[in-house]
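There are 2 protein chains.
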Amino acid sequence: MAAKQKDTYKIFTEFLAEQKQRMTNQRELILKTLCKQKKHVTAEQLYEILKKTDKSIGHATVYRTMKLLAEAGIARELNFGEGSVRYEPDTDNTHHDHLVCVDCGENVEFFDEEIEKLQNAIAEKHGYKLQDHSMNLYGTCSKCQEKKSN
Amino acid sequence: MAAKQKDTYKIFTEFLAEQKQRMTNQRELILKTLCKQKKHVTAEQLYEILKKTDKSIGHATVYRTMKLLAEAGIARELNFGEGSVRYEPDTDNTHHDHLVCVDCGENVEFFDEEIEKLQNAIAEKHGYKLQDHSMNLYGTCSKCQEKKSN
DNA sequence: TTTACTATTGATAATGATTTTCATTATGCA
DNA sequence: TGCATAATGAAAATCATTATCAATAGTAAA
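Chains as they are written, first to last, in the numbering used here: chain A, 24 to 173; chain B, 24 to 173.
Below, the structure is given as structure tokens:
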């Protein structure tokens with residue numbers, strides 16, 4: 024875990040260096056704080072959390088850094104159609120997709136090798152070089168199903 | 024084609040009636056215009072197109088109607104992570120997903136029975152009642168790959 | 001057909017998320 | 001140490017979308 028932390032720090036520093044950008048206190052704090060989150064957070068939510076540690080941190084810095092982290096492959100941008108982007112750390116490079124409850128927002132992460140293969144096959148068939156994908160399944164979780172049936 | 028046109032009109036009218044809402048000239052025009060589009064359009068783009076026919080149509084009406092059409096199952100909302108929602112007519116109820124070129128925006132529609140089945144199985148496994156999903160594959164189309172290699 | 005009711009519209013203001021601007025501050029290297 | 005460059009935070013700007021509200025139009029009953 025400490026090792027993993029170090030890794031993303033190193034990855035980020037190197038990513039920044041590549042384009043003559045610098046590691047800063049703010050960027051380090053943002054990275055560290057993102058990695059601590061258990062749930063997918065919006066930039067705004069992360070900003071609120073960060074302010075507890077660094078009272079002076081700015082809105083723009085958070086948004087800017089999240090973009091950088093996404094470019095560096097350290098964070099993943101998730102769009103559940105809520106109007107704002109959510110982020111999740113992608114530290115160990117374990118890609119996965121999401122099953123989201125349309126009622127309570129609770130969500131489950133999953134990975135399906137078979138689907139990934141099929142996606143690749145589809146891209147290839149159409150002459151596309153696949154870079155990424157987003158797949159969200161929307162439904163009602165068991166708890167919310169129960170609530171409704173009452 | 025004329026028949027299909029009539030169908031969506033009928034579906035929309037019935038959908039509206041169900042909730043004591045009315046079919047209007049504007050709503051009819053918006054539906055007709057949406058169905059004519061070859062590409063996925065944003066509400067803003069559709070508004071620009073509509074203004075050519077009805078100079079007095081309002082922004083809000085377009086946004087409102089698109090929401091209604093989506094609810095009625097006549098239009099599908101697509102989110103390619105651009106910051107605005109795109110719409111496509113879903114007239115013949117043929118669900119499909121998208122393969123999008125990250126460079127030029129060109130996109131291909133596809134449908135894969137196998138993936139759909141796997142998605143259902145995943146939802147079921149987690150106790151979710153699946154309602155919908157969005158799946159976008161992002162890559163570089165063959166044309167853009169060529170351009171880059173030059 | 002008129003009336004009375006209710007839904008719809010368009011203009012405009014408001015909102016929310018994100019980005020830009022810009023003066024100030026911090027950092028890295030010659 | 002000092003300059004050149006990058007980063008920051010505050011505030012303004014932007015962009016997509018939604019809410020407000022007075023004016024208009026459609027509907028159904030009298």
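Think of the CB as a built atom: it goes at the ideal place given N, C-alpha and C, for glycine as much as any other residue.
Option in SER107/A, ASP115/A, ILE138/A and TYR151/A with minimal Cα separation from CYS127/B: Taking the second sequence and counting its residues from 1, the one referred to as residue 127/B is at position 104. Checked all of SER107/A, ASP115/A, ILE138/A and TYR151/A; the closest Cα to CYS127/B is TYR151/A.
Cβ contact check for the segment 91–109 of chain A and the segment 48–61 of chain A: 3 or more pairs under 8 Å: yes
Contact set between CYS124/A and chain B, taken where Cβ atoms lie within less than 9 Å: Residue 124/A sits at position 101 when you count from the first residue of the first sequence. Correct list: TYR151.
Spatial distance of LYS61/B from GLY106/A (CA atoms): Position 38 of the second sequence, counted from the start, is the residue given in the question as residue 61/B. Position 83 of the first sequence, counted from the start, is the residue given in the question as residue 106/A. So the alpha carbons of these two residues sit roughly 26 Å apart.
Three-state secondary structure assigned by DSSP to SER157/A: Locating residue 157/A in the first sequence gives position 134, where the first residue counts as 1. Three-state result, SER157/A: strand.
Where the alpha helix (DSSP H) through CYS124/A begins and ends: Position 101 of the first sequence, counting from 1, holds the residue named residue 124/A. Note, CYS124/A: premise wrong, no alpha helix (DSSP H); beta strand (DSSP E) at 120–124.
Beta strand (DSSP E) segment containing GLU51/B, residue limits: The residue labelled residue 51/B in the question sits at position 28 within the second sequence. From DSSP, GLU51/B is part of no beta strand (DSSP E) but of the alpha helix (DSSP H) over 48–59.
Cβ neighbour criterion (16 or more within 10 Å) applied to PHE103/A: If you number the first sequence from 1, residue 103/A lands on position 80. With 16 or more Cβ atoms within 10 Å of its Cβ, PHE103/A is classed as buried.
Contact under 8 Å by Cβ, HIS195/B with LEU160/A: Residue 195/B lies beyond the residue range present for chain B, which begins at 24 and ends at 173; the question has no answer from this structure.
Cβ-based burial, ALA146/B [other Cβ within 10 Å; buried from 16]: Stepping through the second sequence from its first residue, residue 146/B is reached at position 123. With 16 or more Cβ atoms within 10 Å of its Cβ, ALA146/B is classed as buried.
Per DSSP, cross-strand counterpart(s) of THR65/A: Along the first sequence, read from residue 1 onward, the residue named residue 65/A stands at position 42. Bridge partners of THR65/A: ARG109/A.
Residues near GLU129/A in its chain [Cβ-Cβ closer than 6 Å; skip 5 each side]: Your numbering for residue 129/A matches position 106 in the first sequence. Here the set comprises CYS164.
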